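J.: I have a structure I would like to understand better, so I am pasting it below and will then ask my questions one at a time.
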Amino acid sequence: MILERLSRHIAIKIKKHDPEGPGSLEVLSYGIGIKLNLFFGILLTVLFGLLFSSVLDSILALVSFMVLRKFSGGFHLPITICSLVTGLMASLIPLVRADNQTTAYLTMISLMITLIFAPNNYEELYDVEFDFWSKGISVLIILSNLYFQSAIVAVSFIIQSFLLLPIYPRKGGANT
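Each residue of the sequence shown is one higher than the last, beginning at 1 in full-length UniProt numbering.
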């Protein structure tokens with residue numbers, strides 16, 4: 001994929017100029033890939049948001065999704081696909097219309113899924129000691145939407161919550 005190749009290319013260049021630098025080529029490539037994913041996810045959200053005339057709402061969708069994801073974990077696509085899907089998803093969410101009752105229902109469903117399955121770290125990137133706090137913080141983040149009543153945030157949260165479900169393949173291809 002494009003971003004994976006780009007991150008590997010950048011990592012090789014860095015290692016060529018600093019072969020004794022910290023981290024292996026794979027670790028460096030992965031770290032660069034994560035940064036590229038973030039950058040291109042934001043860029044695509046803005047571009048698609050411009051296309052759909054909803055830049056600020058698209059950014060709200062992206063930020064709410066990312067904040068919940070930071071603490072709840074969840075399934076992750078390869079970085080190039082992730083950037084594309086995230087940018088498109090964040091710009092399409094503002095097009096979904098929901099009344100206050102539907103917003104509350106979506107928020108409560110997200111809350112229930114998160115209470116049961118968070119944190120779900122498919123890539124095992126987080127410390128085990130952080131798990132207890134991650135669930136509590138995730139729940140508080142979702143509960144905040146009962147106050148704000150944002151349909152955009154509710155849809156972002158429900159999408160992120162679905163990524164917590166134990167139906168996706170784990171790293172290495174096994175379902176556990």
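Ideal placement from N, C-alpha and C gives every residue a C-beta, glycine not left out. Since this is a predicted model, take the numbers as computed values, not measurements.
(1) Should Leu-60 go down as buried or exposed, given a rule of 16 or more other Cβ atoms within 10 Å for buried?
(2) Have a look at Glu-26, Lys-15, Val-155 and Asp-18 and flag the residue whose alpha-carbon is nearest the alpha-carbon of Val-96.
(3) From what residue to what residue does the alpha helix (DSSP H) around residue 261 run?
(4) Which word fits Arg-69, buried or exposed, when buried means at least 16 other C-beta atoms lie within 10 angstroms of its C-beta?
(5) Among His-9, Leu-44, Phe-65 and Asp-99, which one has its Cα closest to the Cα of Leu-88?
(6) In angstroms with no decimal places, state the Cα-to-Cα distance between Lys-16 and Ile-10.
(7) Does DSSP classify Leu-95 as helix, strand or coil?
(8) Per DSSP, what kind of secondary structure is Asn-145 in: helix, strand or coil?
(9) Express the C-alpha separation of Gly-41 and Ser-7 in angstroms, rounding to a whole number.
(10) Which residues mark the beginning and the end of the alpha helix (DSSP H) in which Ser-156 is found?
(11) Could you tell me whether the segment 132–145 touches the segment 46–62, where touching means 3 or more Cβ pairs closer than 8 Å?
(12) If you count every other CB in all the chains shown that lies within 10 Å of the CB of Pro-78, and 16 or more means buried, which is it?
(13) Which two residues bound the contiguous alpha helix (DSSP H) that contains Met-66?
(14) Using DSSP's beta-bridge definition, name the partner residues of Asn-120.
T.: For this structure:
(1) buried
(2) Val-155
(3) Coverage of the chain is limited to positions 1 through 176, which leaves residue 261 absent and any answer about it impossible.
(4) buried
(5) Leu-44
(6) 10 Å
(7) helix
(8) helix
(9) 15 Å
(10) 151–162
(11) no
(12) exposed
(13) 55–72
(14) Gly-73
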